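Residue numbers (our numbering): 317 to 1077.
Structure first, then comments.
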């Protein structure tokens, strides 16, 4: 069991943080006085909560002393065996609120009953990243408990290690809903001895489309289990789960702590997506800052932005939820020591990050909710220091500002993009600062060597000293231009979709091969557009796709971008560097019983391309090429008002069996009827034909009767009215009809061998 002290594994507050520290980390210092009652200045300790001694020992080794509010209220209830509904947002310490008491109960049960070989605790988490963080937290808190095994099961990873871990016997299983369902269906996960079930971030789970999976898992667990449900909000779906599956739950709510610190200046820049990098680098060059964190949505986005920043001469490094713990620690140390200036991170990777050097937070991609924005900018402005937070927002995303301002209770001022002139002035100033710093720090003997070289060069070549100095400066630049050129940028800022001037709308272009005017929306940096084979016609909603991709492909929710649902397919924006295993998993995954068939979208072929592709291919039965419109004369009914090629088509489809004396493979009466059709005569049916289609036992039925053609309903009869039979289903009994009670193909009485009269209307 591994443990890394002093390195928080998720965005929870440390169990020893006081309520005041929690508020400060969330940027809400003004709420600190209300967090701890005045008559309890010392607060409650973990010892007072009744935790097992081994769990307390692990907490003490970690340096934790005081529980957070959610922990203080929840731990005693879980220790008592009560069902709990905890309303707490991320960053309040809720992982410790259920992990610590659950492990205490597990340890005490093992002392009495011995080590269990089947899972005793199941924790459901919406994403792979959260599942890994919760599993790591359990490992850390259980380091003093013997024979406790923790296993994380999630989509996007091989089954082999998970199956091996389950066979060895894992007492605590932390997983995503979809992968847990897979193991239940395989029979590899046995929940018959489950004691405790925890739903972490339940509202996020339902938002991602896991409602059906959660219901199935809950229904597969023993009724005697203890259930703890944690959610940031309480929508009706969560209340339904609580009422249906929890036994007299105790509700615990922690006040929202979403206001931001007064030491953080918040600004936003309205900028198109393709100009974000230019805007970011201009801000970096013209404004004073120390350490910087830039937040993006996806792991691929972190790598792409880091590469482009390094190409422009900045010292940047990427950090995401997939990196190893040792690499994460090294990256954080490099940032603290100044070896790295810019950290490009996802929300998950930045959880628990505490670096005082950070003075600027850039929301390169808009967060998916206001709470995430609060946690992002809370990385700066700590310990009384001032900090800056900049939000990049596209014109279509301007409506999100209202939600952010409502949550933070502060206005977000709109900033102007620094001009190229300002960028160049800043570059000149930095170059001059480098000269000054060199003159101040270099040893005289070192300067003397270069001074003598310059003087000698000037004298021998009769060169102007200022030109020589300029040439040396160009050498220092190593061919890189010092001053930036004005790029061809559109004006930044502007109006949103609802309040823009509609009079300047450009002319509509010609439709492209996709059937739409103009180019398709470009995916975000580091993303690509993927095709999936389900759409509106399959009753699929975006949440279903998010859930399937997060569960089966192993993508975090914030890695899934725009979803464009079409009739029978959808286009989804995902990281462009999906592995072959992830693509295969996405192709096999199902939504509403239909396979996704995930693949990279190459665009819809044009009509000309489709025609060229199928010119030599198989044709439809009506004679048209595949992909075309079939035969054009299908409505030319001929003399009889029917299709003149019926015999030819029937022969091609191979209907019927050859009979003796038949030269064309069909019943003689059928051939005679076709001849009558061409002469305009009313067709006649032979006795054999009437018996075959009327009363004889037949083949499989199509109507509402049994498997006969006419006896009790069936293909041309019907249990009630029949399609071509009578009200009792036979040809010839009662009066038959095409779906009615009287008819055209029945008869009178018990089946005379003639056509009956049509019913009177």
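No residue lacks a Cβ here, since even glycine has one placed at the ideal position from N, Cα and C.
These figures come from a predicted structure and were not determined experimentally.
Query, Result
"Burial state of residue 538, where buried means 16 or more other Cβ atoms lie within 10 Å", "exposed"
"Residues near residue 558 in its chain [Cβ-Cβ closer than 7 angstroms; skip 5 each side]", "401, 545, 565"
"Residue 411 versus residue 394 - alpha carbon distance", "13 angstroms"
"Buried/exposed call for residue 735, threshold 16 Cβ in 10 Å", "exposed"
"Bounding residues of the alpha helix (DSSP H) (the contiguous stretch that carries residue 914)", "Looking at the DSSP string, residue 914 is not in any alpha helix (DSSP H), and its letter there is neither H nor E."
"Identity of the residues DSSP links to residue 891 by a beta bridge", "843"
"Residue 851 to residue 556 span [Cα, whole Å]", "28 angstroms"
"Sequence-distant residues of the same chain with beta carbon closer than 8 angstroms to residue 363, five excluded per side", "372"
"Limits of the alpha helix (DSSP H) - the one that residue 777 falls within", "760 to 777"
"Three-way DSSP call (helix, strand, coil) for residue 450 in this model", "helix"
"First and last residue of the uninterrupted beta strand (DSSP E) at residue 853", "Careful: residue 853 lies outside any beta strand (DSSP E) and carries neither H nor E."
"Start-to-end residues for the beta strand (DSSP E) that takes in residue 679", "674 to 679"
"Contacts around residue 515, its chain only, beta-carbon distance under 6 angstroms, and the 5 residues preceding and following it disregarded", "440, 545"
"Helix, strand or coil at residue 879 according to DSSP, with G and I counted as helix", "strand"
"Cβ neighbour criterion (16 or more within 10 Å) applied to residue 654", "exposed"
"Helix, strand or coil at residue 542 according to DSSP, with G and I counted as helix", "strand"
"For residue 862 and residue 524, believed in contact at Cβ under 8 angstroms, the rounded distance", "5 angstroms"
"DSSP three-state assignment for residue 418, whether helix, strand or coil", "helix"
"Proximity to residue 380 [Cα-Cα], best of 562, 360, 389", "360"
"Proximity below 8 angstroms, CB of residue 436 to CB of residue 389", "no"
"Whole-angstrom C-beta distance between residue 870 and residue 444, which should lie under 8 angstroms", "5 angstroms"
"Host alpha helix (DSSP H) of residue 443 (start-end)", "It is not in any alpha helix (DSSP H) - residue 443 carries neither H nor E in the DSSP assignment."
"At least 3 beta-carbon pairs within less than 8 angstroms: the region 709 to 724 vs the region 741 to 753", "no"
"Coarse secondary structure for residue 494, derived from DSSP in three states", "helix"
"Residue 567 - partner residues in DSSP beta bridges", "401"
"Burial state of residue 642 (16 or more Cβ within 10 Å)", "exposed"
"Cβ pair residue 1087, residue 698 closer than 8 angstroms", "Because the chain here runs from 317 to 1077, residue 1087 falls outside it and cannot be looked at."
"8 angstroms Cβ shell around residue 769 - same chain, five flanking residues per side excluded", "none"
"C-alpha gap between residue 519 and residue 462, whole angstroms", "34 angstroms"
"Selected residue, minimal CA-CA separation from residue 433, among 405, 464, 471, 531", "464"
"Extent of the continuous alpha helix (DSSP H) to which residue 657 belongs", "No alpha helix (DSSP H) holds residue 657; DSSP gives it neither H nor E."
"Assumed close pair residue 293, residue 529 - CB separation to whole angstroms, cut-off 8 angstroms", "Shown here, the chain extends from 317 to 1077; a query on residue 293 therefore has no answer."
"Opposing strand residues paired with residue 906 [DSSP bridges]", "911"
"Other residues of its chain near residue 569: CB distance less than 7 angstroms, five sequence neighbours each side excluded", "403"
"Any 3 or more C-beta pairs closer than 8 angstroms across the region 597 to 612 and the region 676 to 684", "yes"
"Secondary structure of residue 473, DSSP reduced to three states", "coil"
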